[in-house]
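Visitor: Below: one structure in structure tokens.
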Amino acid sequence: MICHYYTEPLYFFFTSDLPPLLYYSHIPVSILALVVGFFIYFNNPKRLANKLLFAITLLFSNWTFINLIAWTNIHSDILLFVWPYFAMIPALIAICSIYFIYVFTNDKDAPVSTKLILLALVTPVFIFAHTDLSVSGFNISDCDAFGFESLWYNAYYTAIGAISVLWTSYYLIKKYFTSTKAFKKQILLMGLGIEFFLITFFSITFIASYLANVGLVVDSDLEFYGLYGMAVFMVLISVLVTRYDTFNVGLIASQALIVSLLILVGAQVTYLNTTKISLILTGIAFVLTAVIGFILIRSVKKEIKQKQEIEKLAGNLEKVNDRLRLLDKQKSEFVSIASHQLRSPLTAIRGYVSLIEEGNFGPVPEQMKDALQRVSESGKFMAVSIDDFLNVSRIESGNMKYDLKDINLREQAEHIVEDLRADAMKRGLLLMFKTDITSKGVVNADFGKTQQIFHNLINNALKYTLKGTVTVFVHDDRAKNLIHVEFIDTGIGISPDTLQKLFGKFARAKIASSANIMGTGLGLFVAREMARAMKGDITAHSEGEGKGSRFVLTLPLVM
Amino acid sequence: MTSVILAVVFLIYYNYMTFLRRNFFLFSIILLLILASSANYYRFIVLGDFFVTYEAECDPETNSCFVRCDDDDCFETYNYSLITRKANKIKKLCGENITDCNSALSCKIDEINCSIEYCNAASGECSLPDTEQDDIDTISVLEKF
């Protein structure tokens with residue numbers, strides 16, 4: 003029996019007297035769903051969540067295909083054969099959605115009991131599909147079966163849809179409160195997508211079917227809008243894939259998106275008036291989308307390639323870093339052992355030289371005195387160097403011990419200045435001490451370490467100052483509860499380049515070598531590390547070479 | 006030899022059952038789909054066991070007919086009644102197209118499941134027979150033969 007008021011469709015379901023929105027709502031959305039579902043499935047076919055999402059998109063596409071047949075076909079027997087699928091497919095979509103969300107949120111298969119409940123829910127829809135409970139007849143005049151549908155049957159499969167909305171919401175909300183921040187965002191996006199799809203799909207198709215059943219609407223366009231929920235769902239799935247999954251999926255998703263966009267634009271041809279202008283405009287839009295899509299995919303590919311290269315380099319760098327750390331540790335151990343082995347004989351050498359100089363082994367001939375003094379000075383420098391090496395080794399291995407006590411830093415600075423004043427005078431320099439503090443100048447620090455810092459900074463100032471003065475200036479900042487000890491000299495100064503790397507290991511001013519000033523380049527590094535370990539710092543300032551320099555030791559005040 | 010065959014059979018059976026157990030959800034749905042589709046096909050395509058409703062000519066002088074406009078300005082109207090009968094019956098009488106089939110316009114005397122529905126007030130605008138125009142507003146007649 004054919005609907006004689008209607009014409010036979012062209013190419014199975016193309017007729018001119020149907021609303022254009024029919025094709026625009028069905029074909030592109032269906033292809034979009036298939037493309038996204040297909041690519042996600044083939045990216046990782048073994049993953050259950052991918053399989054279920056693919057199943058949902060496949061079922062949805064089948065539903066739209068059957069819906070198009072129902073809208074366009076004129077054979078009553080064919081139409082009635084497909085009519086029960088309007089109940090069976092939505093019921094399957096509903097249970098697959100529940101199953102999918104369970105797997106997505108728990109990352110494991112659903113329990114057998116859940117699957118049995120889902121099967122029990124859909125079984126009546128299948129059992130009664132061919133009976134009068136589903137559909138009993140056909141109206142040839144209207145070419146549909148709305149008047150012969152059972153409201154109870156429609157209500158039942160729509161109720162399964164409502165259950166799926168509630169059930170999936172329950173899974174998503176439950177998981178949301180116990181998951182990590184990153185997964186919470188995924189749950190939110192997934193929840194928005196699937197709930198929007200299920201609610202629009204079930205509510206609008208049921209309302210449209212109900213209104214047609216009671217005769218309030220004929221050939222309603224209303225149900226077309228129910229399909230756009232799937233488009234939103236697929237876009238959110240694409241966002242999830244590109245943002246939270248591996249980059250391979252990102253490329254696939256972007257390609258899928260571009261293909262879908264091309265289809266959406268291309269699909270306009272099916273509903274636009276086929277005037278030359280509209281065809282030209284659609285053609286231009288299609289070409290533009292294709293070009294932009296091509297550029298986008300190329301840039302994504304490039305980005306992925308770069309990302310892969312960076313990841314490879316980072317991996318290599320990490321290996322090299324580990325190797326370097328190991329070498330550095332071995333070096334520190336070697337320096338430590340070697341320094342210890344050197345220090346003992348050096349102490350003996352220095353001790354005996356000192357005894358010889360003092361005449362304990364008899365009078366020292368005049369011509370030997372100069373040589374002995376040189377041996378003594380070299381021994382002293384060597385002892386300082388060995389101490390520096392040992393300190394660096396201890397700092398890097400984390401074995402430097404600090405005995406923190408309340409000490410008067412102002413008094414300590416003053417005493418050291420007094421001790422070193424004679425040495426400064428030998429060099430023809432003036433070593434001065436100044437103070438401007440309102441506090442007692444007490445800090446919580448290791449006395450030995452602060453002593454070492456003072457010696458280091460004052461000796462540095464004396465070494466690098468050929469003429470003029472070296473001033474040690476102690477002042478405090480009660481507002482910030484800090485004490486500052488400044489070491490100001492009128493020496494060779496520091497260039498801006500050197501200033502930046504002055505506190506690095508083995509860092510020395512270029513001018514130091516040319517001025518024949520001895521040093522290891524470790525003193526400042528050790529001093530600053532010690533100051534920082536005591537919650538303080540050392541900073542260096544200079545206006546340039548030949549303009550003197552200023553080093554500032556800062557420590558927190560106790561009182 | 007027998008024990009080897011038995012072992013192989015058992016292995017195949019065990020693997021088959023494991024496979025079924027793991028995929029029982031999918032297999033159940035496929036089974037339900039196949040059964041439902043087969044039943045649908047048999048009922049609607051093979052047997053044609055369903056009702057069809059179509060418009061048949063109606064004489065407004067004797068019956069209360071449904072009225073429909075034949076053109077946009079509604080200068081010409083078409084009077085019709087609705088006939089509901091089994092699809093397989095009408096197919097035997099008229100084939101696929103009932104447009105030029107006189108047998109489709111009425112129910113046979115001994116034909117069960119055949120009804121003609123005339124217009125009533127709830128159905129919409131009716132064309133009432135002249136004789137009953139004054140005393141009856143709407144008429145609904147369900148003739149069964």
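Chains as they are written, first to last, in the working numbering: chain Y, 3 to 561; chain X, 6 to 150. Note that beta-carbon positions come from the ideal geometry of N, C-alpha and C, so glycine has one too. Quick caveat: nothing in here was measured; it's all calculated off a predicted structure.
What does a CB cutoff of less than 7 Å around Y/Tyr159 pick up in its chain, not counting 5 residues either side in sequence?
Guide: Once the five neighbours on either side are set aside, the close Cβ partners of Y/Tyr159 are Ala89, Pro92, Ala93 and Val127.
Visitor: Please go through the same chain and pick out, in chain order, the residues whose beta-carbon is closer than 8 Å to the beta-carbon of X/Arg90, but skip the five residues on each side of it.
Guide: Excluding positions up to five away in sequence, the list reads Phe56, Val57, Cys112, Glu116, Asn118, Cys119 and Ser120.
Visitor: In chain order, what residues of the same chain lie with their CB nearer than 8 Å to the CB of X/Lys149, ignoring the 5 residues before and after it?
Guide: In this predicted model, X/Lys149 has a pLDDT of only 31, less than 50, meaning its place in the structure is not dependable; the value taken from the coordinates is given anyway. Hits under 8 Å: Cys112, Cys119 and Ser120.
Visitor: By how many angstroms is the C-alpha of Y/Phe336 removed from the C-alpha of Y/Gln454?
Guide: The straight-line gap from Cα to Cα measures roughly 24 Å.
Visitor: Check the Cβ-Cβ distances between X/Phe71 and every residue of chain Y, and say whether any is below 8 Å.
Guide: X/Phe71 does not count as touching chain Y.
Visitor: Do you know how far the Cα of Y/Ile312 is from the Cα of Y/Arg300?
Guide: Cα-Cα distance, rounded: 18 Å.
Visitor: Can the beta-carbon of Y/Ser143 be found less than 8 Å from the beta-carbon of X/Glu60?
Guide: Result yes, Cβ atoms of Y/Ser143 and X/Glu60 sit closer than 8 Å.
Visitor: Please name the residues in the segment 78 to 91 of chain Y whose beta-carbon is closer than 9 Å to at least one beta-carbon of chain X, in chain order.
Guide: Cβ contacts with chain X come from Ser78, Asp79, Ile80, Leu81, Leu82, Phe83, Val84, Trp85, Pro86, Tyr87 and Met90.
Visitor: Please list, in chain order, the chain Y residues whose beta carbon lies closer than 9 Å to that of X/Thr23.
Guide: By Cβ distance, chain Y contributes nothing, its closest Cβ being about 14 Å from X/Thr23, past 9 Å.
Visitor: Since I believe Y/Leu238 is in contact with Y/Ile195 (beta carbons under 8 Å), could you give me their beta-carbon distance rounded to a whole number of angstroms?
Guide: The residue you asked about is not Ile; residue 195 of chain Y is Gly in the sequence shown. With a Cβ gap of about 4 Å, Y/Gly195 and Y/Leu238 count as contacting.
Visitor: Looking at the C-beta of Y/Ser138, does it have a partner C-beta in chain X at a distance below 8 Å?
Guide: Taking Cβ atoms only, chain X reaches closer than 8 Å to Y/Ser138, which makes this a yes.
Visitor: From the DSSP output, read off the bridge partner residues of Y/Lys436.
Guide: Beta-bridge pairing links Y/Lys436 to Y/Phe475.
Visitor: Do you know offhand how far Y/Tyr104's Cα is from X/Cys124's?
Guide: So the two alpha carbons sit approximately 54 Å from each other.
Visitor: Suppose you measure from the CA of Y/Leu319 to the CA of Y/Ser99; what does that come to, to the nearest Å?
Guide: Going from the Cα of Y/Leu319 to the Cα of Y/Ser99 covers about 45 Å.
Visitor: Between X/Asn84, X/Arg73, X/Arg26 and X/Phe30, which has its C-alpha nearest Y/Tyr101's C-alpha?
Guide: When each option's Cα is compared against that of Y/Tyr101, the closest is X/Phe30.
Visitor: Go through its chain and collect everything with a Cβ distance to Y/Ser395's Cβ below 6 Å, but skip five positions before and after it.
Guide: Same-chain partners within the cutoff: Ser334, Val337 and Ser338.
Visitor: CB Y/Met236 to CB Y/Ala35, shorter than 8 Å?
Guide: Yes. Within cutoff.
Visitor: Give me the residue from Y/Asn461, Y/Ala424 and Y/Met402 with the minimum Cα distance to Y/Phe383.
Guide: Closest option to Y/Phe383, Cα to Cα, is Y/Asn461.
Visitor: Cα-Cα, which of Y/Leu264, Y/Ile206, Y/Thr74 and Y/Asn410 is closest to Y/Ile286?
Guide: Closest by alpha carbon: Y/Leu264.
Visitor: Looking only at DSSP bridge pairs, what is Y/Phe553 linked to?
Guide: According to DSSP, which records beta bridges pairwise, Y/Phe553 is partnered with Y/Phe489 and Y/Ala542.
Visitor: Check whether the segment 119 to 135 of chain Y and the segment 160 to 173 of chain Y touch, using three or more Cβ-Cβ pairs below 8 Å as the test.
Guide: Yes: the two stretches touch, three or more of their Cβ pairs being nearer than 8 Å.
Visitor: Let me make sure I understand the geometry here. Which of Y/Met402, Y/Thr452, Y/Asn401 and Y/Glu398 has the alpha-carbon closest to that of Y/Glu416?
Guide: The option with the nearest alpha carbon to Y/Glu416 is Y/Thr452.
Visitor: From the DSSP output, read off the bridge partner residues of Y/Leu484.
Guide: According to DSSP, which records beta bridges pairwise, Y/Leu484 is partnered with Y/Asp479 and Y/Pro558.
Visitor: Taking the alpha helix (DSSP H) that Y/Asp421 belongs to, which residues open and close that run?
Guide: Element bounds for Y/Asp421: Leu411 to Lys428.
Visitor: Rounded to the nearest angstrom, what separates Y/Met427 and Y/Leu468 at their Cα positions?
Guide: Looking at the two C-alpha atoms, the distance is approximately 12 Å.
Visitor: How many angstroms separate the CA atom of Y/Gln188 from the CA atom of X/Leu52?
Guide: Cα-Cα distance, rounded: 51 Å.
Visitor: What are the boundary residues of the beta strand (DSSP E) that X/Thr89 is part of?
Guide: Start and end: Thr82 to Lys91.
Visitor: Does the segment 483 to 491 of chain Y come into contact with the segment 16 to 25 of chain X, if we say contact requires no fewer than three beta-carbon pairs (one atom in each stretch) closer than 8 Å?
Guide: At 8 Å Cβ cutoff, the stretches do not touch.
Visitor: Can you give me, in chain order, the residues of the segment 34 to 63 of chain X that have a beta carbon less than 8 Å from any beta carbon in chain Y?
Guide: Correct list: Ile34, Leu37, Leu38, Leu40, Ala41, Ala44, Asn45, Tyr46, Tyr47, Arg48, Phe49, Ile50, Gly53, Phe55, Phe56, Val57, Thr58, Tyr59 and Glu60.
Visitor: Name the chain Y residues whose beta carbon is nearer than 7 Å to that of X/Ile117?
Guide: Going along chain Y, no residue has its Cβ under 7 Å from X/Ile117, so there is no contact; the nearest lies around 15 Å.
Visitor: Taking the alpha helix (DSSP H) that Y/Asp499 belongs to, which residues open and close that run?
Guide: Per DSSP, Y/Asp499 belongs to the alpha helix (DSSP H) from Pro498 to Gln502.
Visitor: Give the C-beta separation of X/Asn45 and Y/His132 to the nearest angstrom, bearing in mind that I take them to be a contact with Cβ-Cβ under 8 Å.
Guide: At roughly 5 Å, the Cβ-Cβ gap stays under 8 Å, so X/Asn45 and Y/His132 are in contact.
Visitor: Please list the terminal residues of the continuous beta strand (DSSP E) segment that includes X/Thr58.
Guide: Per DSSP, X/Thr58 belongs to the beta strand (DSSP E) from Phe56 to Glu62.
Visitor: Report yes if the CB atom of Y/Ser32 is closer than 8 Å to the CB atom of Y/Ser63, and no otherwise.
Guide: The answer is yes: Cβ separation under 8 Å.
Visitor: Any C-beta of chain X sitting closer than 8 Å to the C-beta of Y/Ser143?
Guide: By this cut-off, Y/Ser143 is an interface position.
Visitor: Using a C-beta to C-beta distance shorter than 9 Å, which residues of chain X count as neighbours of Y/Leu121?
Guide: Result: Phe29, Phe30, Ser33, Ile34 and Leu37.
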